């Protein structure tokens with residue numbers, strides 16, 4: 001039986017007249033890589049700051065490992081944070097930055113430095129201890145911030161969009177490394193991001209935030225395959241939302257449906273549905289965009305509605321794609337991929 | 001549209017000149033900098049050089065005429081005559097005391113104006129701090145003379161506690177100079193505190209530091225260069241001052257007063273005395289430079 005690292009109950013916070021967090025209930029398990037995903041202004045960072053203790057909630061309750069910490073100061077909580085722009089102390093060396101938490105706990109100097117070096121090794125920055133933060137690249141600062149937060153072995157590590165400032169290649173590399181480090185140290189990571197791909201790549205579970213509330217909590221697969229609301233469907237991945245008369249005609253029953261673009265096959269109009277469990281519909285290609293590894297089709301359906309379909313470019317060249325525009329096609333998908341959303 | 005068309009069609013002298021200058025960046029720089037550089041070299045550095053050179057001359061003791069004979073007597077006297085030594089040490093002491101007092105008072109004030117006061121009120125507070133600089137120096141010093149005079153405001157305020165004001169003298173001089181130069185210390189500290197990222201304070205607390213620890217380990221080291229920058233003002237302004245001490249200092253003498261009293265009778269001695277604060281300040285600046293404070297001026 002896994003323990004609960006963080007329990008939030010009816011957490012509320014507003015700034016001035018603006019509600020940032022409007023009643024959040026959440027349980028995060030021990031050792032979990034948990035992501036809070038949402039657009040900017042959805043309240044995810046505020047929840048993180050409430051858990052860290054930088055803000056005081058207007059209402060609700062925060063528990064860390066079963067202990068209530070709602071009114072406690074940041075330095076009284078066994079939680080460390082990796083900040084969005086790293087917040088390294090510019091007047092200290094990398095080693096002093098990393099050893100800061102240990103110095104405050106009055107760990108003897110030799111022991112402190114040894115542990116700082118270990119932590120730097122964990123983030124693959126051996127030999128950088130004597131430098132100043134200003135002498136490091138963005139990715140290296142990111143790792144120092146991580147080492148500084150990890151060195152005290154907190155119960156929970158909070159990460160506030162830590163990869164946001166990195167370029168794409170570095171970000172992808174850091175995603176893999178972060179995940180590996182989390183597995184190694186076994187600490188609960190709470191990761192705030194607005195990048196759905198990042199959340200899907202790294203997380204054990206994800207909470208999707210919408211306007212200060214949690215719209216859905218689940219594994220990446222659950223969130224992607226079974227979105228609970230139209231908002232989740234459209235925020236995580238690209239989605240085709242069908243409703244009303246079009247949904248009835250295409251899916252066979254009324255309701256709101258979501259079909260992921262990569263589940264839809266683009267065929268010649270003359271092709272026949274070969275399996276009974278396949279749904280099929282014809283239309284005209286309004287636009288076809290060549291994206292290198294894939295091609296994105298926008299198809300106007302006969303009788304109204306529009307679907308986006310994405311195909312791997314197995315044989316297709318950029319010229320073929322151009323020729324698709326305006327042509328007649330048949331779209332086909334397995335019926336189970338048209339996911340009905342609760343209304 | 002019309003004006004554009006006409007100006008493009010009429011390549012006037014100004015335009016041609018501007019174009020010619022644009023293609024010759026060195027000429028542009030020369031035209032721009034010659035006058036101010038001459039001003040700096042001739043009037044500032046030149047007069048300092050003359051001051052320094054004349055300190056090596058002597059005076060005819062009967063006629064008070066300057067005799068242009070090379071001699072290091074004046075500098076020798078500076079270190080050997082007890083009065084000179086005392087006054088030099090006292091002047092540097094006053095300048096240091098004013099600087100320390102300014103720093104101690106300015107820090108909490110700047111902390112309030114930069115981080116505690118509501119953001120909308122901060123510019124107003126800065127204006128309030130700067131306002132005294134608009135008032136005449138003499139008015140302010142005479143105001144302090146009134147405050148510190150016998151039976152003045154200071155005496156009246158301290159009377160209920162069985163105390164009396166400091167009267168005129170060295171403490172009064174330090175107090176008045178501290179009042180005069182305080183804004184020059186508050187401003188750089190205010191700027192540094194205002195620019196201190198809030199995230200650093202959050203990070204420090206997050207890593208387990210209480211407020212006092214955060215202040216010592218994060219705020220103070222990051223603001224220290226600005227304190228040093230402010231001290232350049234308070235220190236050099238105090239070291240050069242001789243009017244305040246005349247008005248509220250009683251019989252106290254500082255370097256400036258000695259320069260003043262020597263300038264008629266013994267110009268070379270006055271020059272030698274005048275060299276002292278220049279040397280002290282150069283040493284002070286070199287020491288300060290190591291803290292990186294000159295970058296935050």
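Chains as they are written, first to last, in the UniProt record's numbering: chain Z, 1 to 343; chain G, 1 to 297. Just so it is clear, CB atoms sit at the ideal spot from N, CA and C, and this is done for glycine as well. Predicted model only: the values in this text are computed from it and were never measured.
Rounded to whole angstroms, residue 283(Z) and residue 289(Z) show a C-alpha spacing of 17 Å.
Around the C-beta of residue 217(G), 16 or more other C-beta atoms lie within 10 Å, and the residue is accordingly described as buried. In the DSSP annotation of this structure, residue 287(Z) is not part of any alpha helix (DSSP H); the continuous beta strand (DSSP E) holding it starts and ends at 278-290. Any Cβ of chain G closer than 7 Å to the Cβ of residue 104(Z) would place that residue at the interface, and such an atom is present.
Your pair residue 160(Z) and residue 84(Z) checks out as a contact, with CB atoms roughly 5 Å apart and the cut at 8 Å. Between residue 25(Z) and residue 224(Z), the alpha-carbon positions lie close to 21 Å from each other. Close to chain G, meaning a Cβ-Cβ distance shorter than 8 Å, is no residue of the segment 271-299 of chain Z at all. One thing to note: residue 188(Z) has its Cβ within 7 Å of the Cβ of residue 156(Z). Residues of chain Z whose Cβ lies closer than 8 Å to the Cβ of residue 121(G) do not exist; the shortest such Cβ separation is about 17 Å. At a C-beta separation below 8 Å, residue 74(Z) has these neighbours in chain G: 202, 205 and 206. One alpha carbon belongs to residue 71(G), the other to residue 250(G), and they sit about 34 Å apart. Rounded to whole angstroms, the gap between the alpha carbons of residue 340(Z) and residue 124(G) is 59 Å. About 6 Å separates the CB atoms of residue 331(Z) and residue 299(Z); that is less than 8 Å, so the two are in contact.
A distance below 8 Å between beta-carbons, with the five flanking residues on each side excluded, links residue 235(G) to the following residues of its chain, in chain order: 95, 96, 98, 99, 281 and 284. In this structure, residue 28(Z) sits away from residue 52(Z), with a CB-CB distance that is not shorter than 7 Å. Residue 228(Z) is not a Cβ neighbour of residue 35(Z), given a cutoff of 7 Å. Secondary structure in the segment 74-131 of chain G: the alpha helix (DSSP H) runs of 4 residues or longer, each lying completely within the stretch, are 82-111 and 122-130 in chain order. Between residue 93(Z) and residue 59(Z) the beta-carbon gap is near 43 Å, outside 8 Å, which marks them as no contact. Within the segment 212-246 of chain Z, no residue has its Cβ closer than 9 Å to any Cβ of chain G. Neighbourhood of residue 209(G) in chain Z, by CB distance below 7 Å: 75 and 104, in chain order. DSSP, read as helix, strand or coil, puts residue 151(Z) in coil. Residue pairing for residue 258(Z): DSSP places it in a beta bridge opposite 241(Z) and 339(Z). When C-beta distances to chain G are compared with 7 Å, every residue of the segment 190-207 of chain Z stays at or above that value. Under the DSSP assignment, residue 22(G) falls in the alpha helix (DSSP H) whose first and last residues are 13-23. Cβ-Cβ distances below 7 Å link residue 138(Z) to 165 and 166 in the same chain, with the five nearest sequence neighbours on each side left out; the list follows chain order. Taking 7 Å as the cut-off, the Cβ atoms of residue 245(G) and residue 144(G) do not count as close.
Distance between residue 176(Z) and residue 10(Z), taken at the CA atoms: about 33 Å. Within 9 Å of the CB of residue 222(G), the CB atoms of chain Z belong to 89, 90 and 91, in sequence order along the chain.
For residue 153(Z), the CB contacts under 8 Å within the same chain, skipping 5 residues up- and downstream, are 185 and 187 in chain order.
For residue 275(G), the enclosing alpha helix (DSSP H) stretches over residues 267-289. Interface flag for residue 334(Z) against chain G is unset, since no Cβ pair is found closer than 7 Å.
For residue 218(G), the neighbours in chain Z by C-beta distance under 7 Å run, in chain order, 89.
Sequence-ordered contacts of the segment 170-204 of chain G with chain Z read 197, 199, 200, 202, 203 and 204 [C-beta pairs closer than 8 Å]. DSSP, reduced to helix, strand and coil, places residue 3(Z) outside both helices and strands of the structure shown, so it counts as coil. Residue 315(Z) is classed as exposed because its beta carbon has fewer than 16 other beta carbons within 10 Å across all chains shown. In this chain, the alpha helix (DSSP H) harbouring residue 183(Z) covers 168-185.
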